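Participant: Note that the sequence shown ends on residue 267 in full-length UniProt numbering; no numbers are left out.
All residues carry an ideal CB built from backbone N, CA and C; glycine is no exception.
The structure displayed is predicted, hence computed values, not measured ones.
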Amino acid sequence: MDGNATYVRDSGELASYIPTETMFELFDPQKNFSHAKFSYTWDLGNGEVIQGTEPVVRYHYAASGNYTLKLKVGVSANQTVPQITGNYSMDVTVLDAIKHIELKGPLDYEVSQNSSVPVHVDGSPPMWVCWRFLPNCVPDPYGGCTLTMLYENTLWLNHTFTATGVHCLDISVRNDISKLQTSFSLFVKRSNAHLIFILACAAILVATFSFIAVIACRPRRLNTAPVTFEPFSNLYFINQVAVRLEPLLSIPVASKTLLDQFYSRFF
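(1) Would you report the Cα separation of ASP96 and ALA77, rounded to the nearest angstrom?
(2) Can you tell me where the beta strand (DSSP E) holding PRO55 begins and where it ends?
(3) Can you tell me the Cβ-Cβ gap for ILE98 and LEU180, rounded? I've got them flagged as a contact below 8 Å.
(4) Would you list the residues sitting across from GLN181 in a DSSP beta bridge?
(5) Quick one: what's got a C-beta closer than 7 Å to GLU13's C-beta in the same chain, skipping five residues either side?
(6) Who are the Cβ neighbours of VAL166 in its own chain at under 8 Å, not counting the five residues just before and after it?
(7) Excluding the 5 residues flanking PHE33 on each side, which residues of the same chain have their C-beta closer than 8 Å to its C-beta?
(8) CYS130 by DSSP, collapsed to three states: which one?
(9) DSSP three-state label for THR208, please.
(10) Between the Cα of ALA163 and the Cα atoms of THR146, PHE133, CYS145, which residue gives the shortest distance?
(11) In the structure shown, what three-state DSSP assignment does ALA97 receive?
(12) When every heavy atom of the ligand HEM is checked, does at least one fall within less than 7 Å of the C-beta of TYR61?
(13) For ALA163, name the three-state secondary structure that DSSP assigns.
(14) Quick one: grab the DSSP three-state call for LEU222.
(15) Indicate the three-state DSSP secondary structure (helix, strand or coil) for VAL81 in the structure shown.
(16) What's the gap between the Cα of THR85 and the Cα of LEU44?
(17) Could you check whether ILE101 and VAL117 sit closer than 8 Å to each other, using their CB atoms as the reference points?
(18) Distance, Cα to Cα, GLN51 vs VAL57?
(19) Using DSSP with H/G/I as helix, E/B as strand and the rest coil, what is ALA63?
(20) On the CB-based measure, 16 or more other CB atoms within 10 Å of its CB, does TRP42 come out buried or exposed?
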């Protein structure tokens, strides 16, 4: 164990830069070599050779790849018996352990938008990635995760956030020799497209109400055009009155006197 990372070295696959211990075990039930002297020559396959008298060697590989570990064992039972040698070999695959998981994208995203979240992992592929998004960073004990096989070092997580606020990305990555788990906090905000749409609608409504207000409050103009009187020659009489002239009758003297009084009073 190294922090929250676990290195698995119980198979033919090793982790780079991780100290490794290899042991040679002699099977001798008859105890024929109980007093013999042994010498060991370890060829790591990367150009490094280690010699010693102990059946244990400690080393590490600095780079990932495929190597052939070779061991030459020399046995000297006594001075009269010539040295016996034995050669052994084993194929070893060295992988890079998963030490870092890094979020390459931004920490702010918009709601209701299809977002691609890039995640970089520095281990040797293939790797198994298990990831999930938690709204408000509330753990879901019954919720599962999305399992993805990664054959490179960058994974794009496609997700659509349905609510604003703080979200957590829980991600766990493992390969044949190591496993690492971490979490990232992401902030989801409202979409700018919604804001632009709302502002555009508000502008249209304001313009409409302003136009209606201007039409309703505009003062009415009075017709002050001068009246032109045309000559009488352009006037026509529609109704005609028939006048009939009758000859005057002779008026008695008394009536004439009354008539003179009437004229003198009013005229």
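Facilitator: Reading from the atomic positions:
(1) Position 96 of the sequence shown, counted from the start, is the residue given in the question as residue 96. Position 77 of the sequence shown, counted from the start, is the residue given in the question as residue 77. C-alpha separation (whole angstroms): 42 Å.
(2) Locating residue 55 in the sequence shown gives position 55, counting from the first residue. Counting along the chain, PRO55 falls outside any beta strand (DSSP E), and DSSP gives it neither H nor E.
(3) As a first step, residue 98 must be located in the sequence shown, where it is residue number 98. As a first step, residue 180 must be located in the sequence shown, where it is residue number 180. Contact flag correct, Cβ pair sits at about 4 Å.
(4) Taking the sequence shown and counting its residues from 1, one reaches residue 181 at position 181. For GLN181, which the question treats as bridged, DSSP gives the partners SER172.
(5) Locating residue 13 in the sequence shown gives position 13, counting from the first residue. So the qualifying residues of the chain are THR93, LEU95, ASP176, ILE177.
(6) Here the question's residue 166 lines up with position 166 in the sequence shown. So the list reads ASN136, CYS137, SER185, LEU186, PHE187, VAL188, once near-sequence residues are dropped.
(7) Within the sequence shown, numbered from 1, the residue matching residue 33 stands at position 33. LEU26, VAL75, ALA77, listed in sequence order.
(8) Within the sequence shown, residue 130 is the residue found at index 130, counting from 1. Note: CYS130 maps to strand in three-state DSSP.
(9) Sequence index remark: in the sequence shown, residue 208 carries index 208 (1-based). The answer is helix: DSSP assigns THR208 an H, G or I state.
(10) As a position in the sequence shown, residue 163 is number 163, starting the count at 1. Of THR146, PHE133, CYS145, the residue nearest in Cα terms is PHE133.
(11) Stepping through the sequence shown from its first residue, residue 97 is reached at position 97. In this structure, ALA97 counts as coil in the three-state DSSP scheme.
(12) What this structure holds is no ligand at all, so the ligand HEM is not there to describe.
(13) By 1-based counting over the sequence shown, the position of residue 163 is 163. In this structure, ALA163 counts as coil in the three-state DSSP scheme.
(14) Reading the sequence shown from its first residue, position 222 is the one you call residue 222. Because the pLDDT at LEU222 is just 49, under 50, the model does not fix this residue reliably, and the value given afterwards should be weighed accordingly. Three-state result, LEU222: coil.
(15) Locating residue 81 in the sequence shown gives position 81, counting from the first residue. Correct three-state label for VAL81: coil.
(16) Here residue 85 refers to the residue found at position 85 of the sequence shown. Here residue 44 refers to the residue found at position 44 of the sequence shown. Taking the straight line joining both Cα atoms gives about 18 Å.
(17) Translated into positions along the sequence shown, residue 117 becomes position 117. Translated into positions along the sequence shown, residue 101 becomes position 101. Not a contact, by the Cβ cut-off of 8 Å.
(18) In the sequence shown, residue 51 corresponds to position 51, counting from 1. In the sequence shown, residue 57 corresponds to position 57, counting from 1. Spanning the two alpha carbons is a distance of roughly 9 Å.
(19) If you number the sequence shown from 1, residue 63 lands on position 63. Coil, per DSSP.
(20) The residue labelled residue 42 in the question sits at position 42 within the sequence shown. By the 10 Å Cβ count, TRP42 comes out buried.
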